[in-house]
Amino acid sequence: MRDFGGIVERSPVRVVRPGSADEVAEAVREAAAEGLDAVPRGLGHSTFGQSLTSGVSLDMRGLAGVREVGGRHAVAGAGTSWREVLAATLPRGLTPPVLTDHLDVTVGGTISAAGIGGTSHVHGTQADNVLALEVVAGGRVVTCSPTERPELFDAVRGGLGGHGVITAATLRLVPAPERVLSCAIPCRSAGDLLRVQREARADHISGQVKPSEGGWRFEAKAVLYGDGGEPPPGTAETESLAYPDFADRMRPDVEELVALGEWARPHPWAMVFLPAPRATAVIESTLAEMTAAGLGLSGVILVKALRTDSVLFSVLRTASPGCAPVAEMLAANRRLLDRALAAGGTRYAVDSTG
Ligand SMILES: Cc1cc2nc3c(=O)[nH]c(=O)nc-3n(C[C@H](O)[C@H](O)[C@H](O)COP(=O)(O)OP(=O)(O)OC[C@H]3O[C@@H](n4cnc5c(N)ncnc54)[C@H](O)[C@@H]3O)c2cc1C
Numbered sequence: 052m053r054d055f056g057g058i059v060e061r062s063p064v065r066v067v068r069p070g071s072a073d074e075v076a077e078a079v080r081e082a083a084a085e086g087l088d089a090v091p092r093g094l095g096h097s098t099f100g101q102s103l104t105s106g107v108s109l110d111m112r113g114l115a116g117v118r119e120v121g122g123r124h125a126v127a128g129a130g131t132s133w134r135e136v137l138a139a140t141l142p143r144g145l146t147p148p149v150l151t152d153h154l155d156v157t158v159g160g161t162i163s164a165a166g167i168g169g170t171s172h173v174h175g176t177q178a179d180n181v182l183a184l185e186v187v188a189g190g191r192v193v194t195c196s197p198t199e200r201p202e203l204f205d206a207v208r209g210g211l212g213g214h215g216v217i218t219a220a221t222l223r224l225v226p227a228p229e230r231v232l233s234c235a236i237p238c239r240s241a242g243d244l245l246r247v248q249r250e251a252r253a254d255h256i257s258g259q260v261k262p263s264e265g266g267w268r269f270e271a272k273a274v275l276y277g278d279g280g281e282p283p284p285g286t287a288e289t290e291s292l293a294y295p296d297f298a299d300r301m302r303p304d305v306e307e308l309v310a311l312g313e314w315a316r317p318h319p320w321a322m323v324f325l326p327a328p329r330a331t332a333v334i335e336s337t338l339a340e341m342t343a344a345g346l347g348l349s350g351v352i353l354v355k356a357l358r359t360d361s362v363l364f365s366v367l368r369t370a371s372p373g374c375a376p377v378a379e380m381l382a383a384n385r386r387l388l389d390r391a392l393a394a395g396g397t398r399y400a401v402d403s404t405g
């Protein structure tokens with residue numbers, strides 16, 4: 052079995068697809084009795100074997116489904132994808148405040164990682180927007196929240212399944228805009244890209260670094276929710292989109308990458324959190340040593356200023372034919388992680404730098 056990274060391979064003793072929290076608890080207890088690990092797997096989009104095991108693999112898609120949508124919350128099974136959450140909440144005019152760029156990842160998988168999106172500078176991570184969890188911990192089903200078993204609640208969010216298996220989540224919802232205005236802002240440098248993101252008064256912000264003749268070009272996207280917002284200074288192009296189309300904006304690219312075969316290639320991804328004052332230096336030194344072949348044909352570089360004084364720098368490499376081999380890309384990831392650690396940063400645990 053492999054994950055999206057396509058680098059690590061594990062053969063589980065068995066795959067179990069629980070259909071309820073009790074069945075998860077039973078599978079966990081059975082695995083423990085045999086001395087085996089039970090590792091939850093959502094949609095397997097982590098990139099270095101985080102969702103893989105040679106013990107018992109718990110296919111959490113058996114717990115997909117939105118059980119309830121209330122005035123400002125939804126209850127979803129842990130195996131529900133964010134696409135499925137959105138499909139249930141949009142008819143009520145509601146949305147999770149933070150969505151991942153790619154919607155086909157699970158509620159349990161991203162809460163176990165963090166779940167960062169273009170609105171994280173306003174709302175934090177998806178894990179920050181969970182009101183309560185149902186979890187299998189210590190072989191039994193329990194609930195936790197900021198007021199009930201808060202230690203478990205904190206350990207499970209971002210815990211990569213190590214402190215319990217999330218079986219359901221109560222998610223905070225906010226009103227969804229009908230339309231958004233996406234503003235593209237060309238930037239001069241990595242430092243400029245970060246400055247523009249920090250200064251833009253936008254609901255959703257992102258930044259991309261793209262190979263260009265003789266170097267790199269930088270572009271920020273500032274997205275204003277609703278009508279009537281003024282594009283930020285420096286905007287070169289605007290596009291008005293219906294919110295559901297904006298939320299699902301990656302779909303055409305994904306379809307193209309699947310058709311090209313790039314989606315199935317190994318993905319040695321580096322994702323590091325950098326303290327804002329040192330971020331520009333780390334990004335610049337990484338770009339200085341990187342070539343287009345080291346990024347891969349469909350590789351992407353993202354720079355995202357977060358709510359806390361920190362920056363998520365993602366070098367999402369694809370080991371395309373004719374480009375650098377996986378081992379070379381992993382070595383480059385390791386150098387980036389060393390640079391990030393030296394600057395006081397840390398890695399995003401679902402990447403392939405570890
Ligand atoms: C194309 C693409 C786009 C992405 N975009 C974003 C993005 O915008 N923002 C972002 O933050 N991340 C992003 N990621 C990373 C992704 O969010 C993480 O890999 C996330 O964990 C994926 O969810 P999943 O369902 O695939 O989880 P998996 O990869 O299946 O699992 C991830 C980890 O969580 C554990 N886990 C899974 N389910 C549970 C559960 N129910 N209870 C406890 N532990 C569990 C697994 O054991 C594993 O350790 C992206 C990844 C890809 C491939």
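Be aware that the sequence shown starts at 52, since it is given in this note's numbering, and climbs by one per residue.
Glycine included, every Cβ here is placed at the ideal spot set by N, Cα and C.
Given the structure is predicted, the values throughout are model-derived calculations rather than measurements.
Q | Alpha-carbon to alpha-carbon, Ala89 and Gly70 | A | As a first step, residue 70 must be located in the sequence shown, where it is residue number 19. As a first step, residue 89 must be located in the sequence shown, where it is residue number 38. The alpha-carbon atoms of Gly70 and Ala89 are separated by roughly 16 Å.
Q | Beta-carbon proximity list for Val192, same chain, < 8 Å, skipping 5 on both sides | A | Residue mapping note: residue 192 aligns to position 141 of the sequence shown, counting from 1. Beyond the five residues adjoining it in sequence on each side, Val192 comes within less than 8 Å, by CB distance, of Ala72, Asp73, Val75, Ala76, Glu185, Val186 and Thr218 in the same chain, given in chain order.
Q) Hey, which unbroken runs of the alpha helix (DSSP H) at 4 residues or more fall wholly within the stretch 212 to 240? A) Runs of the alpha helix (DSSP H) lying entirely within the stretch 212 to 240 and spanning at least 4 residues: none are present.
Q. Who are the Cβ neighbours of Val59 in its own chain at under 8 Å, not counting the five residues just before and after it?
A. The sequence position of residue 59 within the sequence shown is 8, counting from 1. Correct list, in chain order: Arg53, Phe99, Gly100 and Leu103.
Q.
Let me make sure I understand the geometry here. Which of Ala125, Ala164 and Ser108 has the alpha-carbon closest to that of Thr146?
A. Indexing the sequence shown from 1 puts residue 146 at position 95. Per the Cα distances, Ala125.
Q. Which first and last residues belong to the beta strand (DSSP E) in which Ser291 is found?
A. Within the sequence shown, residue 291 is the residue found at index 240, counting from 1. Its beta strand (DSSP E) spans residues Glu288 to Ala293.
Q | Gly95 to Phe55 span [Cα, whole Å] | A | Your numbering for residue 95 matches position 44 in the sequence shown. Your numbering for residue 55 matches position 4 in the sequence shown. Roughly 6 Å between the two C-alpha positions.
(Q) I need the straight-line Cα distance from Val136 to Gly265, nearest angstrom please. (A) Position 85 of the sequence shown, counted from the first residue, corresponds to residue 136. Position 214 of the sequence shown, counted from the first residue, corresponds to residue 265. Answer to the nearest angstrom: the Cα atoms are 43 Å apart.
Q: Determine contact between the stretch 201 to 217 and the stretch 259 to 277, defined as no fewer than three beta-carbon pairs at a distance below 8 Å.
A: The stretch 201 to 217 vs the stretch 259 to 277: no contact.
Q.
Buried or exposed for Thr131, going by 16 or more other Cβ atoms inside 10 Å?
A. Taking the first residue of the sequence shown as 1, we reach residue 131 at position 80. Buried.
Q: Give me the Cα-Cα distance between Gly331 and Val66, rounded to the nearest whole angstrom.
A: On the sequence shown, residue 331 is found 280 positions in, with the first residue counted as 1. On the sequence shown, residue 66 is found 15 positions in, with the first residue counted as 1. For the sequence presented, residue 331 should be read as Thr rather than Gly. For Thr331 and Val66, the gap between their C-alpha atoms comes out near 44 Å.
Q: Closer than 8 Å by C-beta to Ala391: which residues in its own chain qualify, once you throw out the five before and the five after it? Chain order, please.
A: Along the sequence shown, read from residue 1 onward, the residue named residue 391 stands at position 340. Cβ neighbours of Ala391 within its own chain (closer than 8 Å, five residues either side excluded): Val323, Phe324, Leu325, Val333, Phe364, Thr397 and Arg398.
Q) Would the stretch 379 to 387 and the stretch 333 to 353 be scored as touching if the rule is three or more Cβ pairs under 8 Å? A) They touch, by the three-pair rule.
Q: Would you mind working out which of Pro63, Gly395, Glu340 and Ala383 sits nearest Val362, comparing C-alpha positions?
A: Numbered from its first residue, the sequence shown carries residue 362 at position 311. Nearest to Val362 by alpha-carbon distance, out of Pro63, Gly395, Glu340 and Ala383, is Gly395.
(Q) In the DSSP output, what is Pro262 paired with across the bridge? (A) Translated into the one-based positions of the sequence shown, residue 262 becomes position 211. BP columns for Pro262 point to Trp267.
Q.
Only counting the same chain, and skipping five residues up and downstream in sequence, which positions put a Cβ closer than 8 Å to that of Ala83?
A. Translated into the one-based positions of the sequence shown, residue 83 becomes position 32. Within the same chain, Ala83 has close Cβ partners Ala89 and Gly190.
Q) From Gly277 to Gly122, what distance separates their C-alpha atoms? A) Counted from its first residue, the sequence shown places residue 277 at position 226. Counted from its first residue, the sequence shown places residue 122 at position 71. Their backbone Cα atoms lie some 20 Å apart in a straight line.
Q) Helix, strand or coil: how does DSSP classify Ala125 here? A) Taking the first residue of the sequence shown as position 1, residue 125 is located at position 74. Residue state for Ala125 is assigned as strand, using DSSP reduced to three classes.
Q. Ala408 and Ala344 look like a contact to me (Cβ under 8 Å); what is the Cβ gap, rounded to whole Å?
A. Residue 408 is absent from the model: the chain starts at 52 and stops at 405.
Q) Val79 and Val216 look like a contact to me (Cβ under 8 Å); what is the Cβ gap, rounded to whole Å? A) Within the sequence shown, numbered from 1, the residue matching residue 79 stands at position 28. Within the sequence shown, numbered from 1, the residue matching residue 216 stands at position 165. About 7 Å separates the CB atoms of Val79 and Val216; that is less than 8 Å, so the two are in contact.
**Q.** Rounded C-alpha distance that separates Glu406 from Ser291
**A.** Only positions 52 to 405 of the chain appear in the structure, and residue 406 is not among them; the question remains open.
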